[in-house]
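Okay, so the sequence shown: first residue is 9 according to this note's numbering, each after it adds one.
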Amino acid sequence: LSLLEFIADLNAENYEDVPDDLVKLQFVPKDKIEELRESGLTVALSNMLSLAAKGGGPKGAMKRMVEQNKEKYAEALAEFDDLDSKEATEVRQRLFQEDWRREMAE
């Protein structure tokens, strides 16, 4: 039952409940739950599992994440003819990291 609750909370994006699910599943010690909540790891885990659920293994998930970020940062990447160039990739990764830090601070 705990595993089903965990999956349901991930699918429904109930990030507040995921740490409790991980404690029930004994993946995280109860005394570390606040640290887990503050880490933002549950959001990242949910995003990765969502991408992985679409198939293709880790490589497929990574390709989908890159495509999502190309769309998300399209305006900043508009100056590049090749969105897979080293320069465009560096800009995309920098923007992703900035967004990640900002989201974790909230």
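All C-beta atoms, glycine included, are put in the ideal place defined by N, C-alpha and C. The structure presented is a predicted model; accordingly, all values stated were derived computationally and were not measured.
Taking the C-beta atoms as reference points, Leu-53 is found no nearer than 7 Å to Tyr-81. Bounds of any alpha helix (DSSP H) do not take in Ser-93, whose DSSP letter is neither H nor E.
The continuous alpha helix (DSSP H) containing Leu-12 extends over residues 10-19. In this structure, the alpha-carbon of Pro-37 lies about 19 Å from that of Leu-12. Between Arg-110 and the set Ser-47, Ser-10 and Asn-22, the nearest pair of CA atoms involves Ser-47.
Between the segment 22-38 and the segment 70-88, the count of Cβ pairs shorter than 8 Å is below three; the stretches do not touch. A Cβ-Cβ contact shorter than 7 Å links Val-31 with Ile-41.
No residue range can be given for Gly-64, since it is assigned to no alpha helix (DSSP H) and is classified by DSSP as neither H nor E. DSSP places Pro-27 in the helix class (H, G or I) of the three-state scheme.
Approximately 15 Å separates the beta-carbon atoms of Ala-84 and Asp-90; this is outside 8 Å, ruling out the contact.
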